[in-house]
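The next block holds one structure in the form of structure tokens; read it before the comments.
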Amino acid sequence: MAELHQSVSRRAAILRILRESVVRNQDELVKALHRQGFDATQSSVSRDLRELGVVKGGDRYMAPPDERAAANPFAAVANFVTAVRTAGSSLTVVKTTTGTAQSVAVAIDAAQWPEIVGTISGDDTIFIATNERREQRVLRDRLRAIFGV
Numbered sequence: 001m002a003e004l005h006q007s008v009s010r011r012a013a014i015l016r017i018l019r020e021s022v023v024r025n026q027d028e029l030v031k032a033l034h035r036q037g038f039d040a041t042q043s044s045v046s047r048d049l050r051e052l053g054v055v056k057g058g059d060r061y062m063a064p065p066d067e068r069a070a071a072n073p074f075a076a077v078a079n080f081v082t083a084v085r086t087a088g089s090s091l092t093v094v095k096t097t098t099g100t101a102q103s104v105a106v107a108i109d110a111a112q113w114p115e116i117v118g119t120i121s122g123d124d125t126i127f128i129a130t131n132e133r134r135e136q137r138v139l140r141d142r143l144r145a146i147f148g149v
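For the sequence shown, full-length UniProt numbering assigns the number 1 to the initial residue and increments by one for each residue that follows.
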């Protein structure tokens with residue numbers, strides 16, 4: 001029970017730190033938590049960031065705007081997507097703002113949609129593979145609706 005309380009307190013501290021300062025990597029966040037008296041490791045911080053819906057936008061970590069956004073993995077990354085289009089019969093291409101493709105791809109992967117075979121992300125582009133054209137259309141329409149593009 002004490003471990004659960006510590007985890008909740010640490011996650012609240014993470015959100016506070018991210019809203020009040022620029023954190024560029026997990027090591028900086030671990031050090032900031034240590035300064036506040038938390039016993040944190042890189043692996044626990046990595047898990048916390050994933051659970052909180054924190055994304056890396058450009059060169060810094062960004063907390064979701066509120067708790068409702070943390071429950072929706074796409075809320076924190078929705079503004080990063082600039083276009084969704086298809087290529088060939090089984091590839092969907094998602095264009096993002098520079099430096100945000102990986103964060104968007106993580107949110108897409110977390111959804112575990114059955115039509116997705118796999119994703120590859122670069123700096124501003126995500127390739128998403130499906131098995132066939134029908135699944136590609138389902139995915140394209142879903143992504144366009146979620147991201148409003």
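Beta carbons are placed, not taken as given, at the ideal position from N, Cα and C, and that holds for glycine.
Within a Cβ cutoff of 6 Å, which residues of the same chain sit near residue i, ignoring the five residues on either side of it in sequence?
{"i": "Glu135", "result": "Glu115"}
{"i": "residue 230", "result": "Residue 230 is absent from the structure shown; the chain starts at 1 and stops at 149."}
{"i": "Asp48", "result": "Arg11, Ile14"}
{"i": "Leu29", "result": "Val23, Val45"}
Give the single residue among the options whose Cα lies nearest to the Cα of residue i.
{"i": "Ala129", "options": "Val81, Ile146, Thr86, Ala13", "result": "Thr86"}
{"i": "Lys56", "options": "Val23, Arg47, Val84", "result": "Val23"}
{"i": "Gly99", "options": "Arg140, Val54, Ser121, Ala32", "result": "Ser121"}
{"i": "Gly53", "options": "Gly88, Pro64, Val45", "result": "Pro64"}
{"i": "Ile17", "options": "Asp27, Thr92, Ser44, Ala32", "result": "Ala32"}
{"i": "Gln102", "options": "Asp123, Leu91, Gln112", "result": "Asp123"}
{"i": "Gln6", "options": "Val117, Thr92, Arg50, Val45", "result": "Val45"}
Got a sec? Which residues, its chain only, sit under 8 Å from residue i by beta carbon, not counting five neighbours each side?
{"i": "Ser9", "result": "Phe38"}
{"i": "His34", "result": "Ala40"}
{"i": "Thr119", "result": "Ala105, Ile108, Asp109, Ile126, Phe127, Ile128, Ala129"}
{"i": "Ser89", "result": "Glu132, Arg133, Gln136"}
{"i": "Leu139", "result": "Thr92, Trp113, Glu115, Ile116, Ile128, Thr130"}
Take residue i and list the residues in its own chain whose beta-carbon comes closer than 7 Å to its own, dropping the five residues that flank it on each side.
{"i": "Val81", "result": "Val94, Thr96, Val104, Phe147, Val149"}
{"i": "Arg60", "result": "Val22, Val23, Arg24"}
Give the DSSP-derived three-state secondary structure of residue i in the structure shown.
{"i": "Asp141", "result": "helix"}
Whole runs of the beta strand (DSSP E) within the segment 60 to 130, excluding any shorter than 3 residues: 60 to 62, 81 to 87, 91 to 96, 118 to 121, 125 to 129
Residue ranges of each alpha helix (DSSP H) within the segment 18 to 54, 4 or longer: 26 to 35, 42 to 52
Three CB pairs or more closer than 8 Å across the segment 32 to 50 and the segment 76 to 88: no
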